[in-house]
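All remarks here apply to the structure that follows.
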Amino acid sequence: CVDAAGRIVRVEEAGRRFGAELGLTLDLGVVLVVEAQRALAALMADRLFEAMAGGSPLSRGSGLLRLDPLASSPRIDAITFSGGVAEYIYGREAQSYGDLGAPLADEIRARIAKLGARLERSNEGIRATVIGASQYTTQVSGSTIFVSPLETLPVRNVPVIAPAFALDAEAIDASAVASTIRAVLRRLDLGDSDIPIAVFVPWRGSATFARLDGFCRGVIEGLATVLARGHPVVLAGDGDVGGLLGIHLREESRLANPIISVDGLELKEFDYIDIGTMLPNSGAVPVVIKSLIFPSSAAPGREWLAAEHVVG
Numbered sequence: 211c212v213d214a215a216g217r218i219v220r221v222e223e224a225g226r227r228f229g230a231e232l233g234l235t236l237d238l239g240v241v242l243v244v245e246a247q248r249a250l251a252a253l254m255a256d257r258l259f260e261a262m263a264g265g266s267p268l269s270r271g272s273g274l275l276r277l278d279p280l281a282s283s284p285r286i287d288a289i290t291f292s293g294g295v296a297e298y299i300y301g302r303e304a305q306s307y308g309d310l311g312a313p314l315a316d317e318i319r320a321r322i323a324k325l326g327a328r329l330e331r332s333n334e335g336i337r338a339t340v341i342g343a344s345q346y347t348t349q350v351s352g353s354t355i356f357v358s359p360l361e362t363l364p365v366r367n368v369p370v371i372a373p374a375f376a377l378d379a380e381a382i383d384a385s386a387v388a389s390t391i392r393a394v395l396r397r398l399d400l401g402d403s404d405i406p407i408a409v410f411v412p413w414r415g416s417a418t419f420a421r422l423d424g425f426c427r428g429v430i431e432g433l434a435t436v437l438a439r440g441h442p443v444v445l446a447g448d449g450d451v452g453g454l455l456g457i458h459l460r461e462e463s464r465l466a467n468p469i470i471s472v473d474g475l476e477l478k479e480f481d482y483i484d485i486g487t488m489l490p491n492s493g494a495v496p497v498v499i500k501s502l503i504f505p506s507s508a509a510p511g512r513e514w515l516a517a518e519h520v521v522g
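If you use the numbering used here, the sequence shown corresponds to residues 211 to 522, in order.
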């Protein structure tokens, strides 16, 4: 990444490797001229299409692979792109963010015709790329929960947001809660999604009427777009206030939407949850948590990793 003056402010190890191939020194503070940026983007695109062609990659491209290469000369009828660069490829983004996204998209578009495959639009874009392993765990909620109506359950594949609420203060500011939720929805590109959203609530402090009221009003305001589409409000906390929050939303805030407010859980951003129906005689619900385990974004390919650890 570069700043407005073209000075490098962030560089990953894989980027250093591309720079080394071009004889470029990519260190923090070095000015990366536009011509050098385009040369880097062209080399990255060459390596990408080289890998897509199948078989053993040519030259030094094999060191970038995380998995085995594709079969030799695979027939590719159509191609789609996801992730941030895809926004430029499909013309949905024009603003520069100081990285190589825009020039890389230009280089990719220039090579698509030579590939002989159709460029098709994907339904999901910037949030569709997943590189990592999924991990499934099952937890049982606490018994101090609130679900109304009970027929709202089960729900599946609900994305979790984990806003950094300021819950240690004596008073809870509803407007601050709302703005914190909205900021996370914007950052995760969930603001316009027509799906329910689970809000993780790391409750701290007492559960007085005033504090519950401030928090609940903030949740309703922050999730206004989601609730306007008729989706349930889904709260998942780590304390024993799930039932209190749910009752307050229904009885005091007069929220008409379905309410799922559970507790006794440990969740984080990028988790997805399935919440099952109420367990008989327990007052609890089973919750399947699907987490994504991402490798380091700076991680190079397998051969380069091996070379980095050779001693002697």
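Where is the CB? At the ideal position from N, CA and C, for every residue including glycine. On a predicted model such as this, the values are computed, not experimentally measured, just so you know.
Beta-carbon separation (whole angstroms), residue i vs residue j, contact threshold 8 Å
{"i": "Ile469", "j": "Val357", "result": "7 Å"}
{"i": "Leu455", "j": "Leu445", "result": "6 Å"}
{"i": "Asp473", "j": "Gly415", "result": "Wrong, their Cβ atoms sit about 15 Å apart, outside the cutoff."}
Beta-carbon gap between residue i and residue j smaller than 7 Å
{"i": "Arg328", "j": "Ala288", "result": "yes"}
{"i": "Ile483", "j": "Ala408", "result": "yes"}
{"i": "Ile372", "j": "Glu479", "result": "Reading off the sequence shown, one finds Ala at residue 372, where the question assumed Ile. Yes, the pair counts as a contact, with Cβ atoms nearer than the cut-off."}
{"i": "Val370", "j": "Phe410", "result": "yes"}
{"i": "Val221", "j": "Leu236", "result": "yes"}
6 Å Cβ shell around residue i - same chain, five flanking residues per side excluded
{"i": "Pro313", "result": "Gln247, Arg248 and Ala251"}
{"i": "Ile286", "result": "Ala327"}
{"i": "Thr339", "result": "At Thr339, the pLDDT of 48 sits below 50, so the modelled position is not reliable; the number obtained from the coordinates is stated separately. Here the set comprises Ser292 and Gly293."}
{"i": "Arg217", "result": "Gly239 and Val241"}
{"i": "Thr347", "result": "Ile499"}
Reference residue i, options the options, closest by Cα
{"i": "Gly449", "options": "Leu422, Pro412, Ile485 and Val221", "result": "Pro412"}
{"i": "Pro406", "options": "Gly229, Ala438, Arg321 and Lys500", "result": "Ala438"}
{"i": "Ser351", "options": "Arg220, Ala224 and Glu476", "result": "Glu476"}
{"i": "Ser385", "options": "Thr348, Asn467 and Glu431", "result": "Glu431"}
{"i": "Ala255", "options": "Ile299, Leu465 and Ser501", "result": "Ile299"}
{"i": "Ser501", "options": "Phe425, Ser492, Met488 and Asp481", "result": "Asp481"}
{"i": "Thr435", "options": "His458, Ile391, Glu462 and Glu245", "result": "Ile391"}
{"i": "Glu536", "options": "Glu222, Thr487 and Ala215", "result": "An answer regarding residue 536 cannot be provided, because it is not within the stretch 211 to 522 covered by the chain."}
{"i": "Ser292", "options": "Tyr307, Pro279 and Ile318", "result": "Ile318"}
{"i": "Ser471", "options": "Leu232, Val495 and Ala420", "result": "Val495"}
{"i": "Val219", "options": "Ala230, Leu232 and Leu238", "result": "Leu238"}
{"i": "Asp309", "options": "Val244, Val394 and Gly447", "result": "Val244"}
{"i": "Arg321", "options": "Gly452, Leu400 and Leu258", "result": "Leu258"}
{"i": "Asp213", "options": "Ser306, Asp278 and Ala261", "result": "Ser306"}
{"i": "Asp404", "options": "Leu433, Gln349, Ala417 and Val394", "result": "Leu433"}
{"i": "Leu253", "options": "Gly225, Leu236 and Thr235", "result": "Gly225"}
Nearest-angstrom Cα separation, counted from residue j out to residue i
{"i": "Asp316", "j": "Val497", "result": "44 Å"}
{"i": "Glu462", "j": "Phe425", "result": "12 Å"}
{"i": "Ala215", "j": "Val241", "result": "8 Å"}
{"i": "Leu363", "j": "Ile485", "result": "7 Å"}
{"i": "Thr354", "j": "Gly447", "result": "11 Å"}
{"i": "Ala230", "j": "Arg396", "result": "37 Å"}
{"i": "Gly452", "j": "Gly401", "result": "24 Å"}
{"i": "Ala323", "j": "Glu260", "result": "14 Å"}
{"i": "Arg302", "j": "Ala281", "result": "32 Å"}
{"i": "Gln349", "j": "Ala417", "result": "24 Å"}
{"i": "Ala304", "j": "Ala376", "result": "35 Å"}
{"i": "Gly493", "j": "Cys211", "result": "51 Å"}
{"i": "Leu232", "j": "Ile499", "result": "44 Å"}
{"i": "Leu489", "j": "Gly428", "result": "30 Å"}
{"i": "Pro359", "j": "Asn491", "result": "18 Å"}
Own chain partners of residue i with C-beta closer than 8 Å, once the 5 adjacent residues on each side are dropped
{"i": "Arg331", "result": "Thr290 and Tyr300"}
{"i": "Ala381", "result": "Ala420, Arg421 and Gly424"}
{"i": "Gly440", "result": "Asn467"}
{"i": "Ala393", "result": "Pro373"}
{"i": "Leu325", "result": "Phe259, Met262, Ile286 and Ile289"}
{"i": "Ile383", "result": "Position check: residue 383 holds Asp in this sequence, whereas Ile was assumed. The residues are Ala376, Gly424 and Gly428."}
Contact set for residue i: own chain, Cβ-Cβ below 7 Å, skip 5 residues either direction
{"i": "His458", "result": "Leu422, Asp423 and Cys426"}
{"i": "Leu465", "result": "Ile430, Val443 and Leu459"}
{"i": "Phe228", "result": "Leu250, Leu253 and Met254"}
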